[in-house]
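These notes are about the structure you will find just below.
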Amino acid sequence: MLFDGSGRALYAFTRDPRRRSVCAGACAKAWPPYVVTGRPKAATGVKASLLGTTKRAGGGTQVTYGGRPLYYYVGDQVGQVRCQNVKEFGGLWLVVGPNGRLVR
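If you're matching positions, the sequence shown starts at 138 in the working numbering and goes up one per residue.
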């Protein structure tokens, strides 16, 4: 599964179309987007070719992987995965594998 540079788990939302986030408002408070300034960098085991970004409607640049916008879960700490396969805000929240596929 994917983690940010600090070791926090990254999730994808099944309601998001490719390269576009629909998670805003209360959704984005519970599931903050993984945003960056500049280009994201691939760590060991991550495919640089799958890394990308998308502009958020409210501003900011969100990281994508395999076209899927990435998020944190507000209740996770470093190394934790508390909300895998959770249904919230009309879709499922799933971790993303290094191959870009959702882990069920």
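Cβ coordinates follow ideal geometry from the N, Cα and C atoms, glycine included. Quantities reported herein were computed from a predicted structural model and do not represent experimental measurements.
Report the partner residues of residue i according to the DSSP bridge assignment.
| i | result |
| --- | --- |
| threonine 198 | Val173, Lys192 |
| alanine 149 | Leu231 |
| proline 154 | According to DSSP, which records beta bridges pairwise, proline 154 is partnered with nothing at all. |
| tyrosine 208 | Tyr148, Pro170 |
Mapping the DSSP letters down to three states, classify residue i as helix, strand or coil.
| i | result |
| --- | --- |
| leucine 139 | coil |
| lysine 184 | coil |
| lysine 224 | strand |
For residue i, which residues of its own chain have a beta-carbon under 7 angstroms away from its beta-carbon, when the five flanking residues on both sides are left out?
| i | result |
| --- | --- |
| serine 143 | Val215 |
Quick one: residues in its chain with C-beta nearer than 8 angstroms to the C-beta of residue i, no 5 flanking neighbours on either side, listed in chain order?
| i | result |
| --- | --- |
| valine 211 | Lys166, Ala167, Trp168, Pro169 |
| arginine 157 | Thr191, Pro206 |
| glycine 182 | Pro235 |
Please report the Cβ distance between residue i and residue j, rounded to the nearest whole angstrom; I am assuming they are in contact, meaning their Cβ atoms lie under 8 angstroms.
| i | j | result |
| --- | --- | --- |
| valine 233 | tyrosine 208 | The Cβ separation is near 10 angstroms, so there is no contact. |
| leucine 231 | glutamine 221 | 7 angstroms |
| valine 172 | glycine 197 | 4 angstroms |
Suppose the cutoff is 6 angstroms on Cβ atoms and the five residues either side in sequence are ignored; what does the same chain contact list for residue i look like?
| i | result |
| --- | --- |
| proline 247 | In the structure as shown, the chain begins at 138 and stops at 241. Residue 247 is therefore absent and cannot be evaluated. |
| cysteine 160 | Phe150, Trp168 |
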